[in-house]
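**Q** Protein chains in written order, with the working numbering: chain A, 456 to 793; chain B, 23 to 375. Don't be surprised by glycine CBs; every beta carbon is placed ideally from N, CA and C. If you scroll down you'll find the structure; I have some questions about it.
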């Protein structure tokens, strides 16, 4: 698989807006612009880390790529393009806002690992039923063949095959997340959206799950979009990191560029929030932001970050932000840094 | 791997086990099931038709609906054979003929005015042949109570099943699709809840004579709203869980997600309210019959019997036995409901020990 060939995913100007209703007659009183004009592309076999604080829209991006918004909130307004090529030679399809039936054949190629291992597994189904669910829809394997594959998958994610007949409540968080991973792998997808897959786990278990995901990536030729707020975890797994703020990417670059030498003032602040193991380490370089992320209901004009930015200028209110290349492919959405 | 793996239990299996440990509810459940099964067979035990007749060298089985002309059996009456009389006469004749009667050989709709041990005008107090006495038309109270039990329980099960099916499907649709479907659907449910139930029943029963099925239908049509709101709420909550998102991401159909993924997780209100709905349905039939808008006249119904008790307030057996039967049945169902509620209580499983 040559990484230089056609990109797996190209997202162009993606917008995900949720109307907000109020009043007795439930008319629209506003719009939450959860994702507002997002552009990025993803090469085959790459891991893109999406980071940002709560409310930055990183989960929304993941769910938009897998087309979860429309079936769950029919009123959502989607625009932009999510151009996806499952295989090197397959034609590109725009997944954005595809209807149920039209999306169905592509469901096998894009799968998701969820954040909460407790609510993401149906408590009334056995592990076998959970993992074979996607196979029932997307393959024509018979019952025995499905079971065989489930057992294989269980073994592959580090669980004993005899667990297949058990129910989710009999497992620990880490084990449940492995079941979730096995389910995501069941249809042999090419892209997996991992929505904070380790943030609900113990630190010791986090490392195991991350390493498992890396092994599986090599073995199955997977591509990940890895959504997280824990930067050190993302740095460990991601090839490239995109920093999101208020529904936009403010900086995107290789993991080293963004983690070691962030350029956007928000990325700098985010990075300086990573705890350092040494309590005597120098804290002078720390950037501490004031206040909270503004509500996406009423975003500041121009640069969304200007209300908390340490280098904000009056002109920031009138900026139209573009990601600019600040050298070696490190794209930053701020004209005042270099 | 030397340890023997314990059998995994589903949530339902665990709750079932818990239910079985709650003795009062579990015994009530078993008793009610057995009683209902027996009452379905009650024509074999309580009936004025013989089980088997051997007469003139031939066998007859009147209890399964066979009609026998009285003339052919040497009785000088028009219509069907009186089997109790026939039984007595064959016994006295001491010939080859014989009659096997049910153990309690009286029919609930039969006026027992010529019985030797029932002198004077009905109602009669209990005797050794008529254990619970007779009512104001000389009908056997025990026979009517047992047949009434069968009707009550069948009616209640019918009402609960039908109204719950209707309410669950409507509630599921409101909760699952949400949005506009939910807003307008809920208004319709509210308007429907505003219709006066009793007036509708009075109007309908003045047009057609209601039988059990019509009454079940009417009650079900006015009883589904409550459970539909619970189901709606359950579906709203479950819909936001990630396992539903996972099912969508797998490309499951609406139908599968609603019935295979969400529904099994939303049955708690259904199962826990069902026994109490059963109580309500039994009481509704009793009160409708009491008011005279229920089942048509000769049907043995508890409400009609309670009404007779009220009109013959000096005849204690007409009040005591129907009320005791009603009380006993409702109490057993309430015990079942209580046990189910406790078996479904999540705190029992999450308590720190």
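Do the CB positions of residue 339/B and residue 155/B come within less than 7 angstroms of each other?
**A** yes
**Q** Are residue 702/A and residue 660/A closer than 7 angstroms when you measure CB to CB?
**A** Result no, Cβ atoms of residue 702/A and residue 660/A do not sit closer than 7 angstroms.
**Q** Just how far apart, CA to CA, sit residue 131/B and residue 363/B?
**A** 40 angstroms
**Q** Smallest Cα separation from residue 329/B: which of 308/B, 320/B, 321/B?
**A** Check the Cα spacing between residue 329/B and each of 308/B, 320/B, 321/B: the tightest is with 308/B.
**Q** Going by other Cβ atoms of all chains shown within 10 Å of its Cβ, with 16 needed for buried, is residue 320/B buried or exposed?
**A** exposed
**Q** Counting pairs of Cβ atoms below 8 angstroms between the segment 102-114 of chain B and the segment 60-72 of chain B, do you hit three or more?
**A** yes
**Q** Under 6 angstroms Cβ to Cβ from residue 197/B, same chain only, skipping five residues before and after it: list those, please.
**A** Leaving aside the five residues that flank residue 197/B on each side, the residues in its chain whose CB is nearer than 6 angstroms to its CB run, in chain order, 254, 257, 258.
**Q** Interface residues of chain A around residue 33/B at Cβ under 9 angstroms?
**A** Neighbours of residue 33/B on chain A, chain order: 578, 579, 622, 624.
**Q** Taking the alpha carbon of residue 346/B as the point to measure from, which residue in 356/B, 324/B, 365/B has its own alpha carbon closest?
**A** 324/B
**Q** Leaving out the 5 sequence neighbours to the left and right, which residues in its chain are closer than 6 angstroms to residue 782/A when beta-carbon positions are compared?
**A** none
**Q** Is the Cβ-Cβ distance between residue 515/A and residue 490/A less than 7 angstroms?
**A** yes
**Q** Of all the CB atoms in chain B, is at least one closer than 7 angstroms to the CB of residue 783/A?
**A** no
**Q** Determine the direct distance from the alpha carbon of residue 682/A to that of residue 479/A, and round the result to whole angstroms.
**A** 37 angstroms
**Q** Counting only the same chain and skipping the five closest in sequence on each side, list residues whose C-beta sits under 6 angstroms from that of residue 184/B.
**A** Spatial neighbours of residue 184/B in its own chain (CB-CB distance under 6 angstroms, excluding positions within 5 residues in sequence) are listed in chain order as 242.
**Q** Please list the partners that residue 529/A has in chain D, where partner means a Cβ-to-Cβ separation under 7 angstroms.
**A** In the displayed structure, chain D is absent; the protein chains listed are A and B.
**Q** Which one or two residues does DSSP pair with residue 74/B in a beta bridge?
**A** 122/B
**Q** Can you tell me whether residue 557/A is buried or exposed, with buried defined as 16 or more other CB within 10 angstroms of its CB?
**A** Label assigned to residue 557/A: exposed.
**Q** How about residue 470/A: is its C-beta nearer than 7 angstroms to some C-beta of chain B?
**A** no
**Q** How would you call residue 619/A, buried or exposed, if buried means at least 16 neighbouring beta carbons within 10 angstroms?
**A** buried
**Q** Less than 7 angstroms between the C-beta atoms of residue 303/B and residue 178/B, yes or no?
**A** yes
**Q** Hey, out of 546/A, 529/A, 510/A, whose CA is closest to residue 464/A's CA?
**A** Minimum Cα-Cα distance from residue 464/A among the listed residues 546/A, 529/A, 510/A corresponds to 546/A.
**Q** With a cut-off of 7 angstroms, does the C-beta of residue 574/A fall near any C-beta of chain B?
**A** yes
**Q** Can you confirm whether the segment 649-669 of chain A touches the segment 582-596 of chain A when touching is taken to mean that 3 or more C-beta pairs between the two stretches lie within less than 8 angstroms?
**A** no
**Q** What's the C-alpha gap between residue 597/A and residue 591/A?
**A** Their Cα atoms are separated by approximately 8 angstroms.
**Q** List the whole-angstrom C-beta distance separating residue 492/A from residue 468/A, where the pair is believed to meet the contact cut-off of C-beta under 8 angstroms.
**A** 5 angstroms
**Q** Could you check whether residue 713/A and residue 696/A sit closer than 7 angstroms to each other, using their CB atoms as the reference points?
**A** yes
**Q** So the beta strand (DSSP E) residue 491/A belongs to, where does it begin and stop?
**A** According to the DSSP assignment, residue 491/A belongs to the beta strand (DSSP E) that extends over 482-497.
**Q** Listed in chain order, which residues of the segment 582-602 of chain A have Cβ atoms closer than 8 angstroms to some Cβ of chain B?
**A** 588, 589, 592, 593
**Q** Mark residue 119/B as exposed unless 16 or more other C-beta atoms lie within 10 angstroms of its C-beta, in which case mark it buried.
**A** buried
**Q** 7 angstroms is my cut-off, CB to CB: does residue 464/A come that close to chain B?
**A** no
**Q** Measuring CA to CA, which of 171/B, 126/B, 136/B is closest to residue 153/B?
**A** Checking every option, the nearest Cα to that of residue 153/B belongs to 126/B.
**Q** Ends of the beta strand (DSSP E) at residue 570/A?
**A** First-last for residue 570/A: undefined, no H or E at that position.
**Q** When Cβ atoms are compared, which residues of the segment 39-53 of chain B fall closer than 7 angstroms to chain A?
**A** none
**Q** Alpha carbon to alpha carbon, how far is residue 456/A from residue 539/A?
**A** In this predicted model, residue 456/A has a pLDDT of only 46, less than 50, meaning its place in the structure is not dependable; the value taken from the coordinates is given anyway. If you take the alpha carbons of residue 456/A and residue 539/A, they lie about 17 angstroms apart.
**Q** What three-state label does DSSP hand residue 178/B in the structure shown?
**A** helix
**Q** Looking only at C-alpha atoms, which of 533/A, 646/A, 602/A, 487/A sits nearest to residue 502/A?
**A** Nearest in C-alpha terms to residue 502/A, of all of 533/A, 646/A, 602/A, 487/A, is 646/A.
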